[in-house]
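A.B. asks: This structure is in structure tokens; I'll ask about it shortly.
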Amino acid sequence: MKLSGTGGSACRRSTAERWQKLTGKVLLEGYGLSETSPSVSASPPHLTEFNGKVGLPVPSTEISIRGDDGKEVRRGQPGEICVKGPQVMKGYWQNEEATAEAIDEKGFFRTGDIGTLDKDGFLEIVDRKKDMILVSGFNVYPNEIEDVVSLHPGIVEAACVSVPDKKTGEGVKLFVVKNNQSLTEKEIIAHCKENLTAYKVPKQIEFIDELPKTNVGKVLRRALRE
């Protein structure tokens with residue numbers, strides 16, 4: 001094996017580390033959407049360890065990270081990933097309104113994903129904009145919590161969503177698939193408190209047999225909210 005890659009959804013660090021230990025190869029991530037035919041960025045093959053990032057822009061592609069006001073944020077700050085390049089679609093078929101919402105006057109496509117660009121130009125996906133949880137005015141991204149939770153040896157996989165909270169407006173609810181039946185909610189909370197800022201710690205935990213997913217393995221957070 002010379003190269004190995006992953007895509008479709010965010011790769012958990014725990015998964016990447018197990019893969020590298022098993023194969024001796026780094027899992028290389030890329031990023032793209034149907035609207036970008038489909039590539040936006042790709043990881044260079046010379047990486048020696050998993051970095052949690054989805055690579056550098058592919059040739060002739062511009063990536064702009066923007067705040068809610070539509071202006072570019074400072075390097076390293078999270079914002080919506082906007083993409084311009086020859087692979088970006090011209091628009092949605094017979095839907096001018098949706099096209100106008102998705103593509104600005106300079107041709108940048110608003111992906112709906114939150115991300116950051118580091119000093120070397122590597123793109124990191126934070127989460128879907130619509131999945132962000134607002135706790136007491138702080139932005140909480142499910143992917144960060146899920147990445148931490150998945151490091152617990154008693155957990156197979158996990159996903160979190162927003163739930164109403166009288167005190168903080170919104171709170172975090174965590175769904176857990178466990179491989180250790182003796183694992184308790186208290187243990188998971190303790191693990192989260194050790195590795196997360198207090199406002200990111202889940203308020204509710206529910207154990208389930210499996211997470212709802214699409215045909216390509218993406219977790220359906222919408223189904224969990226329902």
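Following this note's numbering, the numbering of the sequence shown begins with 1 at its first residue and continues without gaps.
Note that the Cβ used here is the ideal one computed from N, Cα and C, for glycine as well.
Computed from a prediction, not measured in an experiment: that's the story for all the values here.
For Ile-208, which residues of its own chain have a beta-carbon under 8 Å away from its beta-carbon, when the five flanking residues on both sides are left out?
C.D. replies: Cβ within range, chain order: Phe-175, Val-176, Val-177.
A.B. asks: The beta strand (DSSP E) with Thr-6 in it runs from where to where?
C.D. replies: Looking at the DSSP string, the run of the beta strand (DSSP E) that includes Thr-6 is 4-6.
A.B. asks: Tell me the rounded alpha-carbon separation between Asn-51 and Asp-165.
C.D. replies: Each residue's Cα considered, the two are about 34 Å apart.
A.B. asks: How about Ile-81 and Ile-63: do their beta carbons lie closer than 8 Å?
C.D. replies: Closer than 8 Å, so yes.
A.B. asks: Can you have a look at Thr-23 and say buried or exposed, based on whether 16 or more other CB atoms are within 10 angstroms of its CB?
C.D. replies: Under this definition Thr-23 is an exposed residue.
A.B. asks: The beta strand (DSSP E) that contains Leu-28, what's its start and end?
C.D. replies: Counting along the chain, the beta strand (DSSP E) containing Leu-28 begins and ends at 27-32.
A.B. asks: Report buried or exposed for Asp-68, applying the criterion of at least 16 other Cβ atoms within 10 angstroms of its Cβ.
C.D. replies: Exposed, by the Cβ-count rule.
A.B. asks: Since Ala-16 and Leu-27 are thought to touch, with beta carbons under 8 Å apart, how far apart are those beta carbons, to the nearest angstrom?
C.D. replies: Yes, Ala-16 and Leu-27 are in contact; Cβ-Cβ is about 5 Å, under 8 Å.
A.B. asks: If you follow the alpha helix (DSSP H) that Ser-14 is in, where does it begin and where does it stop?
C.D. replies: Looking at the DSSP string, the run of the alpha helix (DSSP H) that includes Ser-14 is 13-23.
A.B. asks: Residue range of the beta strand (DSSP E) that Ala-159 falls in?
C.D. replies: Counting along the chain, the beta strand (DSSP E) containing Ala-159 begins and ends at 155-165.
A.B. asks: Would you mind reading off the limits of the beta strand (DSSP E) that contains Leu-117?
C.D. replies: Where Leu-117 is concerned, the enclosing beta strand (DSSP E) stretches over 109-117.
A.B. asks: Of the residues Glu-29, Arg-128, Gln-87, Gly-85, which one's Cα is nearest the Cα of Gly-7?
C.D. replies: The candidate whose alpha carbon is nearest that of Gly-7 is Glu-29.
A.B. asks: Does the pairing of the stretch 154-172 with the stretch 116-128 give three or more beta-carbon distances under 8 Å?
C.D. replies: Contact fails: fewer than three Cβ-Cβ distances are below 8 Å.
A.B. asks: With contact counted as at least three CB pairs below 8 Å, one residue from each stretch, are the stretch 184-191 and the stretch 110-123 in contact?
C.D. replies: No, the stretch 184-191 does not touch the stretch 110-123.
A.B. asks: Given Tyr-92, which residues of its chain have a CB within under 6 Å of its CB, disregarding the five upstream and five downstream residues?
C.D. replies: Hits under 6 Å: Ala-98, Thr-99.
A.B. asks: Just to confirm, are Val-54 and Ser-43 a CB contact at a threshold of 8 Å?
C.D. replies: Result yes, Cβ atoms of Val-54 and Ser-43 sit closer than 8 Å.
A.B. asks: To which residues of the same chain is Glu-146 closer than 7 Å at the C-beta, ignoring the five residues directly before and after it?
C.D. replies: Ala-158, Ala-159, Cys-160.
A.B. asks: Taking only runs of the alpha helix (DSSP H) that begin and end inside the stretch 72-110, which ones reach a length of at least 4 residues, in chain order?
C.D. replies: With a minimum length of 4 residues, the continuous alpha helix (DSSP H) runs that stay inside the stretch 72-110 are 96-102.
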